[in-house]
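Numbering of the sequence shown is given in my numbering, commencing with residue 469 and proceeding in unit increments. The beta-carbon is built from N, C-alpha and C at its ideal position, and this holds for glycine as well. Bear in mind that the values here come from a model prediction, so they are computed numbers and not experimental data.
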Amino acid sequence: MANSKVRSYLNKLKKEDKFHPCYQQIEHAYKNLLDDDFGIRLSDVAFLKEYKKLCIMMLRCFQKSDENVLAIEMDVLKSRLKEDLAAKQLQLMIIDAILKYGLKHYGIESSRISQVVVLKRDKPMLSPIELIKLPVALHVKSLLNKELQTPTANLSMKGRLGRLALFLYMTTGVHFDELITIINTPYTLMYLDGLVFWYRKIEKEELRYVLCDAVVLLLLQHQASVKQCEKALLNKNRLKDYITKFLTETSGKNWQSLSLLKLRTLRKIDAIINLSPIDYQMYLRPSTCTGLPQTAFVRLISNKALIADEVAKINNKFNKFNKLLPFDSDSFDYIEPKLVILKLEHIYKSLKELNSQRASRVQCIRFVEQELKNEKNSIYFYILCGWLYYLLKEGGVAKRRLKIGTVIDYVKSISKPFLTVFTQTDLAIISASDWAIKLNDATEYFTSAPRKKYLYYLSEFLIESEIVKDLCIDDLDIAPVQSKVDANLLSASHASAILEYLSNNLNNSLVELYAYLLMCFCFYSGLRRNEAAKLYFGDIQVSPIKPNEGEYDWVLLSIRPNKIRALKTSSARRELPLDALWPKEHLAKLRSFYNVQKDTENKSSNSLLFNCSVSVNKAYDLLTQLLHYYTQDHTLRIHHLRHSFANWTWYKLNVNLMLAGRQSLSIFEDDLFDQVFINHFKRRLKVKENTRSKMFFLSHLLGHKVTVSTLNSYLHLKDIQHCSQMNQTYIVSKCFLSECVGRAKSKVVMPGESLIERIEFYSKKQEQDYSIQYAGNVSNLIIPSFNGFKNKFKVDKKIKTLDYANVLKSLEFHSINDTAINYSLPVDLVKKLYGNAVKVSKEYPRKGKNLPLIPNFPSLNDTKGQLKRVYSQKAFYYLCQKFDTLLSQNNITLNETFDSLQILKYAAAGKDFALRCPKDAVICNFFNLCITFKLKARHFRFRFHQVDLKNESAVQAKSYWQQLISSYGLSDSGIENASIQEGKFLGKHNGNGFLEIGLLITVEGSKGAYKRARRHHSLMSFLQLLLIISYRTDEEPYEL
């Protein structure tokens, strides 16, 4: 008996041994990954021996597995593995790699291989030595709180500066050098919405600190006491003295032993004990949580539009490179990839020779520079050789100087995958998002997984050299490497405005509908661009019971790899409860879209949810246009919707942050932050308020393996959150307000009002002395609007016959509005079509059982290939496409179609789809229509009903019909005599009886002969569809 697919694959592995590509990939991964990833280290010989043992063991265990590996036999295999955890972990990883190779190359599926979890003991955040200082940290905090309630009287100037420095240091994540800068330049304070922040830009570096109310008042007091022209009052040598002076004066004890290093430890202890370890990492660790650039920060907080720096100045290191050969893709000719690789090989060889001759780096750079000047015809050579030039001159991401061999290895590894994908593309017309898609496609051509990270290095070069300046590195689906975080966010209210605009235009085209749903998937679910675009229909589970009004739905989304899209990492596999993440109105549209696709087109579980890739790309481009136009921030990308999901979900997971944010900021007034919705979100995810695992929840929702990835790259609002928590910890009293700014009172906190707006001064001089600049005056904020927005895409609004069939099928289960939205058609058009269907059902045929309201269409699932369709589908699809062609070529009109289909008044719906007509004019019109469709004699079957005619009259009538049929070229079709009993109740005729016409589906045999002909309801449904489309009354012209 022949071996099964599984056993054939394993036998091949065993036979080819170490020469099989599967083993070579596993061995390369084993050698290049860390020791901890595999548990133990083996020699090459021992590793090969272990691999061969596992192949033999899998052959012995997988006896009954045929196309896929049976779960029972997989359990047997696992039970026979070694007991030692390190050895077992290595065995499991090898088995997992073998099965993944089988899945990718042979389609062999298996159950998931679980890994051995090794618990690692992390270094404690607080050491025992640091914990000894806990009483001191608590004492400092109590002194600060006491100072806020009853300020120390008659503080010296040094004491005041020490109080300001201590409050500023303990309530922000500021370093000592930056703290000194803030105190010496207090006049750069700004306020916006409910926040006050200190901001300063020095060359390309931005410094911004959001300040709590206590620090703002102390800075206002300090600002009023100094002038901008005065010499700096504070330096690092004086800082410690001033802080100890304040603590000594306010407590009456000696604090001379306090150093700046000890003060940093006290702040760390205070943050970990009073907030949480996660909060300490977020707020006080400099390497975590990249902050927003100033333009994005101001736009987000103000909830308005603000023009950002779309194009940064070119780095000086690229000036010479850009002058060397300006990038203009129209000026290059196509050259075969083989020739490009040959030219690069020549450069590699020459560089190696120069290196062996101990030539200087300058000589090597000049040689590559000359090659770039000589070759000006190939755009692909220019990019790859330009990257080689850049690596030689400027070094890599981590190292300033790379070896010649390393540089060659980088470019050589990239060149073949890059040329394989990009030589099929016109680089003059593709967008930045297309570049990201193509770079993702190039990863499939790498034989070594670790080398895929070289695409990140190439991407950095493409961006900085302005070859593809808008490329977003976060769109690359490659295991992450250390790279600069592109921080930006979209507010919930701006997202709602964009979705509302799309919702009002859903009837325009499929692009708007796709854009609407894709934005929901990215903004409300945190999906990556490629994850959302290539979802399968089976990835969504919807409750079979539609919720009542006001109730929450139940929808589950599974993110998993499929045949056309892998995941960025194995941790990206996750399940998301959409009813806890999406607002109800958006989820209702997804349910409607899902149900219409399911009920109308009978989609299989492995068909794409968005099955038109062209419309998906246009939808993403439309979303990018809308983001840029509405916010006026041209640095926003689709990937930033995922970043926005991470930040707003973190607020929803932490109610205290949400409540504090609502008190001061207006950006939390969106329905996304409704308290009832948040309660449902936490109940659905089973998140408790007192748990410390909230960051793990967020990391899982984003598909991250470790929380460090989430902390480092996705959370950008740490300064606002830290300020909110400090305002709750350090509450300003009336006495402290008077101490800082004199006689004044504070109003009740209102959302959108900062501290300076809440203070009521008693004199104009006071107001001038303690003024803060409004950030909106500097940034020129504007109210966002879609006025004047024009979609750049020209959508083909021509509606096909098959589209009308889908719409009618949908109307059988769904409302007119839902159908119009999901097929991107005007509501009036769908109403008109449904009205025509009702009239046709009532008026046709003239007697007997009426035609069904919705024609009995064959399966309308167009995801199957042409070869997989049944014959009735093929016939229906052919006729629909033929009718579209005839209309477009003006070979037929809808009026002519309507006249030709009056034969349906004589349809016998219950009699094998027969058309029994006594009128020759009606039959002639129908024959004309059939000939226009190029139907042949084999597609017809005729029968003659003599009704009440006698013998001679019946022969003459039959002869008359035979002559009529022959005149239309259908002479090969004979006329059968129907029984007299069948025609007994047909009614009156004009003396020639009734001619029965049956349309047939013919099937072509292997030798060219037609082996079968039969009637089918799909042909009658097609005629009824044309009648509905072309229907008119005598009083009204055709308007559909």
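Once you ignore the five residues that flank A1305 on each side, which residues in its own chain have a CB closer than 8 Å to its CB?
-> L1276, L1279, L1321, I1322 and I1496
* So what does DSSP say about R767, is it helix, strand or coil? -> helix
Under the rule that 16 or more other beta-carbon atoms within 10 Å means buried, what is P489, buried or exposed? exposed
Open item on the list: Taking contact to mean 3 or more Cβ pairs, one atom from each stretch, closer than 8 Å, check whether the segment 1226 to 1237 and the segment 1203 to 1217 are in contact.
Closed with: yes
Return the first residue and the last residue of the alpha helix (DSSP H) that C1385 is part of. Taken as a continuous stretch (DSSP letters only), C1385 belongs to no alpha helix (DSSP H), being part of the beta strand (DSSP E) at A1382 to C1385.
*Quick one: residues in its chain with C-beta nearer than 6 Å to the C-beta of L752, no 5 flanking neighbours on either side, listed in chain order?*
G641 and A739
Using only CA atoms, which one of E541, H607, L1383 and Q1357 lies nearest to L1369? L1383
Would R631 be called buried (16 or more neighbouring beta carbons within 10 Å of its own) or exposed? buried
Q) So the beta strand (DSSP E) N998 belongs to, where does it begin and stop? A) From DSSP, N998 is part of no beta strand (DSSP E) but of the alpha helix (DSSP H) over R997 to A1001.
*Can you grab the Cα-Cα spacing for the pair L1293 / G1303, in whole Å?*
15 Å
Unbroken beta strand (DSSP E) runs of length 3 or more, entirely within the segment 1181 to 1216: which are they?
-> 1212 to 1214
- Message: For a test of the three-state rule: what should DSSP assign to N1016, helix, strand or coil?
- Response: coil
Please list the terminal residues of the continuous alpha helix (DSSP H) segment that includes F914. Counting along the chain, F914 falls outside any alpha helix (DSSP H), and DSSP gives it neither H nor E.
*Spatial neighbours of L926 in its chain, beta-carbon cut-off 7 Å, leaving aside the 5 residues before and after*: W855 and I882
| Where are the alpha helix (DSSP H) runs, 4 residues long or more, that stay fully inside the segment 473 to 538, in chain order? | 473 to 484, 489 to 500, 503 to 506 and 512 to 529
(request) Quick one: grab the DSSP three-state call for K1086. (result) helix
TODO: Throw me the rounded Cβ distance for the H990 and I1106 pair, which I believe falls under 8 Å.
DONE: Rather than His, the amino acid found at residue 990 in this sequence is Cys. Indeed, because the Cβ distance is near 6 Å, the residues count as touching under 8 Å.
- Short Cβ contact (9 Å threshold) for K1269 with F1351: It is worth fixing the name first, because residue 1269 is Thr in this sequence and not Lys. Contact: yes.
> My guess is that K1071 and I1032 are in contact by the Cβ rule of under 8 Å, so how many angstroms apart are they, rounded?
Replying inline: About 15 Å separates the two Cβ atoms, so there is no contact after all.
ask   = What three-state label does DSSP hand S1556 in the structure shown?
value = Here the chain has residues from 469 to 1508 only, and residue 1556 is not among them.
*How do the segment 1195 to 1209 and the segment 606 to 619 stand: do at least 3 beta-carbon pairs fall below 8 Å, yes or no?*
yes
Checklist line | Inter-residue spacing [alpha-carbon to alpha-carbon] between R997 and L939 | finding: 13 Å
task = Scan the segment 1100 to 1166 and note each continuous alpha helix (DSSP H) run of 4 residues or more that stays entirely inside, going in chain order.
result = 1107 to 1121, 1123 to 1132 and 1143 to 1153
**Message:** Mapping the DSSP letters down to three states, classify W1429 as helix, strand or coil.
**Reply:** helix
Nearest to D1021 (by Cα), restricted to the options R1042, Y984, G1006 and R1059
R1059
**Item:** alpha helix (DSSP H) segment containing G662, residue limits
**Value:** Looking at the DSSP string, G662 is not in any alpha helix (DSSP H), and its letter there is neither H nor E.
- Write down the C-beta distance between E1464 and A1446 rounded to the nearest angstrom, noting that I regard them as a contact closer than 8 Å. 6 Å
Q. Is the beta carbon of I769 sitting closer than 9 Å to the one on L657?
A. no
How is the beta strand (DSSP E) around N1445 delimited, first residue to last? I1443 to N1445
By Cβ distance below 7 Å, which residues in the same chain neighbour K1373 in space, the five residues on each side in sequence not counted?
Y1312, P1313 and R1314
*State whether the segment 717 to 724 contacts the segment 661 to 671, with contact taken as three or more CB pairs (one from each stretch) at a distance under 8 Å.*
no
Below 8 Å on the Cβ atoms is my contact criterion, and I expect R1028 with D1007 to pass it. Report the Cβ-Cβ distance as a whole number of Å.
7 Å
When N1122, V808, T1178 and K708 are compared against L729, the one with the closest alpha-carbon:
K708
Quiz prompt | Rounded straight-line distance, which links the Cα of I746 to that of L1024 | solution = 29 Å
Would the segment 1431 to 1440 count as touching the segment 1393 to 1410 if we require 3 or more Cβ pairs under 8 Å?
yes
What is the rounded straight-line gap between the Cα of S1011 and the Cα of F1408? 47 Å
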